[in-house]
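Chemist: Residue numbers (the numbering used here): 8 to 179.
Beta carbons are placed, not taken as given, at the ideal position from N, Cα and C, and that holds for glycine.
Owing to the predicted nature of the structure, the values given are computational and were not obtained by experimental measurement.
1. Where do the ends of the alpha helix (DSSP H) carrying residue 4 lie?
2. Between residue 156 and residue 86, what straight-line distance do the alpha-carbon atoms span, to the nearest angstrom?
3. Can you give the Cα-Cα distance for residue 58 and residue 145, rounded to whole angstroms?
4. Measuring only between beta-carbons, confirm whether residue 89 sits less than 7 angstroms from chain C.
5. Of all the beta strand (DSSP E) runs that stay within the bounds of the segment 20 to 82, which reach a length of 3 or more residues?
6. Taking only three categories from DSSP, how would you classify residue 135?
7. For residue 98, which of 127, 33, 61 has the nearest alpha-carbon?
8. First and last residue of the alpha helix (DSSP H) that includes residue 115?
9. At the level of alpha carbons, what is the spacing between residue 26 and residue 114?
10. Taking just the CA atoms, how far does residue 130 sit from residue 21?
11. Using 7 angstroms as the threshold, is the C-beta distance between residue 162 and residue 77 below it?
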């Protein structure tokens, strides 16, 4: 059984951080030791058995901190069980259908052998940082489209994979 998990995230307005904390809470309830940290604050991943990385989507790109985290730790991440998530659509599409990873995330998944990816709805509300974010909110297109039942179900699936080792992880 793998027991220590890092949930690293890149966020601007806190929406992705809340998703990451929800993932971490579910993994803890399943008996795992978990730390949820801003991606930019992680110096090393050596102490972790598995890693979940999340980033908000901005103009079709993953949050800069998530991209830099994956690039900075790519050697140490290779071979560790790893999952990615994105947050971003400001509508219900992420709850209605699977949204594939953006090209940069898809490439990182292939390079690092990530086990999976999911896109969750985003959240952009009054007081958001950034001129474009404020324009979106003032035009009436903001809101909270995160589906916490979906997030919890996804995290429960990760916990199941970590708690029940695959045949190649079984001790000989």
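Modeler: So, to answer that:
1. With the chain covering only 8 through 179, there is no way to say anything about residue 4.
2. The count along the chain shown starts at 1 and reaches residue 156 at position 149. The count along the chain shown starts at 1 and reaches residue 86 at position 79. Rounded to the nearest whole angstrom, the C-alpha separation of residue 156 and residue 86 is 29 angstroms.
3. Sequence index remark: in the chain shown, residue 58 carries index 51 (1-based). Sequence index remark: in the chain shown, residue 145 carries index 138 (1-based). Looking at the backbone, the Cα of residue 58 and that of residue 145 are separated by about 36 angstroms.
4. Among the chains of the structure shown, chain C does not appear; only one protein chain is present.
5. List check, beta strand (DSSP E) in window: 40 to 45, 57 to 65.
6. Translated into positions along the chain shown, residue 135 becomes position 128. In the structure shown, the three-state DSSP call for residue 135 is coil.
7. For this step, residue 98 is matched to residue 91 along the chain shown. Answer by Cα proximity: 127.
8. Taking the first residue of the chain shown as position 1, residue 115 is located at position 108. First-last of the alpha helix (DSSP H) with residue 115: 110 to 119.
9. Along the chain shown, one-based indexing puts residue 26 at 19. Along the chain shown, one-based indexing puts residue 114 at 107. In this structure, the alpha-carbon of residue 26 lies about 23 angstroms from that of residue 114.
10. Along the chain shown, one-based indexing puts residue 21 at 14. Along the chain shown, one-based indexing puts residue 130 at 123. For residue 21 and residue 130, the distance between alpha carbons rounds to 9 angstroms.
11. The residue labelled residue 162 in the question sits at position 155 within the chain shown. The residue labelled residue 77 in the question sits at position 70 within the chain shown. Result no, Cβ atoms of residue 162 and residue 77 do not sit closer than 7 angstroms.
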